[in-house]
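Participant: Encoded as structure tokens, here's the structure I'll be asking about.
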Amino acid sequence: MHKYRTHNCGEMRRENVGEEVRLSGWVHRVRDHGGIIFVDLRDGYGITQVVIDPEREFHENLEHWRLESVLCFTGKVVSRSPETVNPKLATGEIELEAWEMQVLNDCQVLPFSVAVEDECDENLRLQYRFLDLRRSGMHQRVLLRSKVIRSVRRILEDDLGFTEFQTPILANSSPEGARDYLVPSRLHPGKFYALPQAPQIFKQLLMVSGFDRYFQIAPCFRDEDARADRSPGEFYQIDLEMAFASQEDVFSAVEYLFTTLFPEFTEKNISKAPFQRITYHDAMLRYGTDKPDLRIPIEIQDVSELFADSDFNAFRQVVEKGGVVRAIPVKGIADRPRSFFDNLIEFTRQHGGKGLAYLIWNQEGVKSPIAKFFTENTLEELRCRGDLQAGDVMFFVADQEHRAAALAGEVRRHLGEILDLCDTQRFDFCWIVDYPMFELNHQTGEIEFSHNPFSLPQGGMEALNQDDPLQVKGFQYDLVCNGVELSSGAVRNHRPDIMFKAFSIAGYEQQEVEEKFGGLLRAFRFGAPPHGGIAPGLERIVMLLAECRNIREVTAFPLNQNAEDRLLGAPSTVSEKQLKELHLKLNLPKKGKEQKARKEAQ
RNA sequence: GGGGGCGUAGCUCAACUUGGUUAGAGCGCCGGCCUGUCACGCCGGAGGUUGCGGGUUCGAGUCCCGUCGCUCCCGCCA
Numbered sequence: 128m129h130k131y132r133t134h135n136c137g138e139m140r141r142e143n144v145g146e147e148v149r150l151s152g153w154v155h156r157v158r159d160h161g162g163i164i165f166v167d168l169r170d171g172y173g174i175t176q177v178v179i180d181p182e183r184e185f186h187e188n189l190e191h192w193r194l195e196s197v198l199c200f201t202g203k204v205v206s207r208s209p210e211t212v213n214p215k216l217a218t219g220e221i222e223l224e225a226w227e228m229q230v231l232n233d234c235q236v237l238p239f240s241v242a243v244e245d246e247c248d249e250n251l252r253l254q255y256r257f258l259d260l261r262r263s264g265m266h267q268r269v270l271l272r273s274k275v276i277r278s279v280r281r282i283l284e285d286d287l288g289f290t291e292f293q294t295p296i297l298a299n300s301s302p303e304g305a306r307d308y309l310v311p312s313r314l315h316p317g318k319f320y321a322l323p324q325a326p327q328i329f330k331q332l333l334m335v336s337g338f339d340r341y342f343q344i345a346p347c348f349r350d351e352d353a354r355a356d357r358s359p360g361e362f363y364q365i366d367l368e369m370a371f372a373s374q375e376d377v378f379s380a381v382e383y384l385f386t387t388l389f390p391e392f393t394e395k396n397i398s399k400a401p402f403q404r405i406t407y408h409d410a411m412l413r414y415g416t417d418k419p420d421l422r423i424p425i426e427i428q429d430v431s432e433l434f435a436d437s438d439f440n441a442f443r444q445v446v447e448k449g450g451v452v453r454a455i456p457v458k459g460i461a462d463r464p465r466s467f468f469d470n471l472i473e474f475t476r477q478h479g480g481k482g483l484a485y486l487i488w489n490q491e492g493v494k495s496p497i498a499k500f501f502t503e504n505t506l507e508e509l510r511c512r513g514d515l516q517a518g519d520v521m522f523f524v525a526d527q528e529h530r531a532a533a534l535a536g537e538v539r540r541h542l543g544e545i546l547d548l549c550d551t552q553r554f555d556f557c558w559i560v561d562y563p564m565f566e567l568n569h570q571t572g573e574i575e576f577s578h579n580p581f582s583l584p585q586g587g588m589e590a591l592n593q594d595d596p597l598q599v600k601g602f603q604y605d606l607v608c609n610g611v612e613l614s615s616g617a618v619r620n621h622r623p624d625i626m627f628k629a630f631s632i633a634g635y636e637q638q639e640v641e642e643k644f645g646g647l648l649r650a651f652r653f654g655a656p657p658h659g660g661i662a663p664g665l666e667r668i669v670m671l672l673a674e675c676r677n678i679r680e681v682t683a684f685p686l687n688q689n690a691e692d693r694l695l696g697a698p699s700t701v702s703e704k705q706l707k708e709l710h711l712k713l714n715l716p717k718k719g720k721e722q723k724a725r726k727e728a729q
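Note that this note's numbering has the first sequence beginning at 128, numbered continuously upward.
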């Protein structure tokens, strides 16, 4: 008989009755009746009930039935009588009648319960992550992540002809984008590697190398502050790149990927390919964001000209100063109490808005403190534009365009949430396309790249030469699902001449570009195929499928919000010798948090 | 770097609004009882510098200030 187990804790059924077996696992729960004892033994596959007859005395030198100890039982599989069958367990028709037990590993008193998944302090969970990962929820999510990766590989390789590559982790610092994680070089004093923020340049080089379709489950490292959906440190992208590909080619590959992948893991309704395409401009107007949740059945509208003619001075003046008025029509909430509307006004103030006006249509007509500022015709025009009738409401915000759009978007999203307007049984995908190539930095007044400097400008060289830079669009796109930005991508600019031109508009001298992107430029002078790609975020996909809002819930060993690993103690100080080998001297700050760090270092 | 929320037993929470006797409950832990439970049940017990420091007050878990920690958001993240 195997030293630890002949079966796992999830597999035995009625057919196994009569067999002599051995099971190992964790003590999930114990019901000690003084005489007979029941132990729920759990492993990675399930739970089996072990029964210990009072006449068996093997357990008597065991001091406690300490939960989460690892035990090994040997005995006979017996069938449960009909009234003792447990339908909640897959193995509930049988149980193991044990005649021998071995303690493989004892367990101390637990800091939190494994069997009962009560919420508990996340820091504590991270400190005892191995226990947290035993809990069913985390356990299943980590397994889900693994299965998603497996499916992605299968779909990309078998169905779409992609090839998986690996690219360096010790890469070089990228001048654009987020802060880098740096690794000092021992052999080259004063020089540093940088962990890749994404394998962007490497995958483009692979395209130039003649590999047709690249993918990688790629670790990405960015030294940026955390958010609920953004890990500090590292995260993973399903990094894709395709040679001789147009934007549409990338779209159809990704649409195939998602419409094949998602049904493997969810019963919910998934957008059919082709996914809706929304221009960046339209998205900002209709949804007030470039990552709209299309499940919310509200579309924002511009009504600036109707307010320009009104007597509603506060908003009219905003329009006269070049601002806009955006309307948010909402059905069926006219009978909400005053407090509902007051709370919304408070919400807009908290999000930087000056105010929120509204019109309420009910049986008697229009009810609102601002109704008197409008003619009958204007009120009717507003009602028609929102397709409204009695019982409906229209909200208004006014500000400079980008602020009004963002605020209206926040109000729309908030209404979707508090009115519970999202159909949770849907995954609504869309593409956001036609991002502007450049944007104005309002602080410096200078033109900057608005997204990726490697994107191909629509209209190519001609557009860069002739058009207003702020009007030039890029072959740059985002994939969005239920308000989550899943992915950014672009058709790349593979022509050095167009690259120099684009960079010069953003204020870079040719020589500077040459210095920063010398390797890529060299490649582009030796026969680069047109290419494009995208990189969906793995964790966000798993978060959508697992219905959780925090990236740490789908990551086995995440750093906490302060980018610390509280289980193993990263980051940590290093020895003088290590620093010396790397030609480093510390120059630590004197105050606050860092002072503590210095204390620890001593 | 800035703003919001939270911090009470090992864990989850109550007491806070309106300051007032000995800070309670469930789970866990310790002891006892229990032969068919499956969130087993029953009896008893231990366990607290209310994150830390200061202030107001006759009196502070509760009010005020500071600080630390966690978390969410803004900045930041092509």
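Where is the CB? At the ideal position from N, CA and C, for every residue including glycine.
The model shown is predicted, which means the values in this text are computed figures rather than measured ones.
(1) Asn-250 lies in the beta strand (DSSP E); which residues open and close that run?
(2) Give me whichever residues DSSP pairs with Tyr-383 in a beta bridge.
(3) Would you say the beta carbon of Glu-703 comes nearer than 7 Å to a heavy atom of the ligand NAD?
(4) Looking only at its own chain, which residues have a Cβ that is under 6 Å from the Cβ of Val-445, when we skip the five neighbours before and after it?
(5) Is the Cβ-Cβ distance between Lys-311 and Leu-711 less than 8 Å?
(6) Suppose the cutoff is 6 Å on Cβ atoms and the five residues either side in sequence are ignored; what does the same chain contact list for Arg-349 look like?
(7) On a Cα-Cα basis, can you pick out the residue from Ser-373, Gln-705, Met-521, Cys-675 that is closest to Leu-271?
(8) Restricting to Cα atoms, I'd like to know which of Arg-540, Glu-528, Asn-620 is closest to Val-452.
(9) Could you check what DSSP says for His-155 in three-state terms: helix, strand or coil?
(10) Which of helix, strand or coil does DSSP assign to His-658?
(11) Is it true that the CB of Val-243 sits closer than 8 Å to the CB of Leu-194?
(12) As a quick exercise: from Ser-577, Gln-552, Ile-174, Cys-557, pick the residue whose alpha carbon is nearest that of Pro-563.
(13) In the structure shown, what three-state DSSP assignment does Arg-553 receive?
(14) Please give me, in chain order, every unbroken run of the alpha helix (DSSP H) with length at least 4 that falls completely inside the segment 588-622.
(15) Where Pro-596 and Glu-426 are concerned, what is the direct C-alpha to C-alpha distance, given to the nearest angstrom?
(16) So if DSSP puts Met-369 in a beta bridge, which residue, or which two residues, is it bridged to?
(17) What number of angstroms, rounded off, separates the C-alpha of Thr-133 from the C-alpha of Gln-176?
(18) Of all the options Gln-490, Ala-498, Ile-164, which has the alpha carbon lying nearest to the alpha carbon of Ala-484?
(19) What are the start and end residues of each continuous alpha helix (DSSP H) run of 4 or more residues lying completely inside the segment 307-354, in chain order?
(20) Have a look at the DSSP bridge pairing and note the partners of Gln-428.
(21) Taking Phe-392 as the reference, give the member of Gln-235, Asn-143, Arg-268, Leu-283 with the closest Cα.
(22) Applying the 10 Å Cβ sphere with the 16-neighbour rule, what's the burial state of Phe-684?
(23) Measuring CA to CA, which of Ser-398, Gly-479, Tyr-635, Asp-417 is closest to Thr-406?
(24) Report yes or no: do three or more beta-carbon pairs, one from the segment 245-262 and one from the segment 650-666, lie closer than 8 Å?
(25) Excluding the 5 residues flanking Gly-264 on each side, which residues of the same chain have their C-beta closer than 6 Å to its C-beta?
(26) How is the alpha helix (DSSP H) around Arg-169 delimited, first residue to last?
(27) Hey, Met-139 and Thr-218 are a contact pair by Cβ (cut 8 Å); roughly how many whole angstroms apart?
(28) Touch check for the segment 692-700 and the segment 386-402: three-plus C-beta pairs under 8 Å?
(29) Given a cut-off of 8 Å, decide if Phe-200 and Leu-231 are closer than it, judged by their beta-carbon atoms.
(30) Phe-289 and Leu-283: beta carbons closer than 8 Å?
(31) Identify, in the order they occur along the chain, each residue of the same chain with its Cβ nearer than 7 Å to the Cβ of Asn-677, setting aside the five sequence neighbours on each side.
(32) If I'm right that Met-334 touches Glu-368 with Cβ under 8 Å, what's the distance once you round it to whole angstroms?
(33) Can Val-611 and Leu-542 be called in contact, C-beta distance under 8 Å?
(34) Using alpha carbons as the reference points, say which of Ala-321, Phe-362, Ala-370 lies closest to Leu-336.
(35) Following the continuous beta strand (DSSP E) through Gly-202, name the residue where it begins and the one where it ends.
(36) Taking only three categories from DSSP, how would you classify Asn-470?
Facilitator: According to the structure data:
(1) Looking at the DSSP string, Asn-250 is not in any beta strand (DSSP E); the run it does join, the alpha helix (DSSP H), is 249-254.
(2) In DSSP, Tyr-383 forms no bridge with anything.
(3) Here there are no bound small molecules, and the ligand NAD is not part of this structure.
(4) Ala-525
(5) Reading off the sequence, residue 311 comes out as Pro, not Lys. The answer is yes: Cβ separation under 8 Å.
(6) Ala-305, Gln-324
(7) Its Cα nearest to that of Leu-271, the residue Cys-675 stands out among Ser-373, Gln-705, Met-521, Cys-675.
(8) When only C-alpha atoms are compared, the closest one is Glu-528.
(9) strand
(10) strand
(11) no
(12) Ser-577
(13) The DSSP-derived three-state label of Arg-553 is strand.
(14) None, since the segment 588-622 contains no complete alpha helix (DSSP H) of that length.
(15) 29 Å
(16) Arg-340, Gly-659
(17) 16 Å
(18) Ala-498
(19) 327-335
(20) Ala-454
(21) Arg-268
(22) exposed
(23) Asp-417
(24) The answer is no - the segment 650-666 does not touch the segment 245-262, with fewer than three Cβ pairs under 8 Å.
(25) Glu-244
(26) For Arg-169, there is no enclosing alpha helix (DSSP H); the enclosing beta strand (DSSP E) covers residues 164-170.
(27) 5 Å
(28) Touching, no.
(29) no
(30) Yes, Cβ-Cβ distance for Phe-289 and Leu-283 is below 8 Å.
(31) Ala-355
(32) Sure, about 6 Å apart at Cβ, within 8 Å.
(33) It is not a contact, given that the beta carbons lie outside the stated cut-off.
(34) According to the sequence shown, residue 336 is Ser rather than Leu. The option with the nearest alpha carbon to Ser-336 is Ala-370.
(35) 197-206
(36) Of the three classes helix, strand and coil, the one that applies to Asn-470 here is helix, per DSSP.
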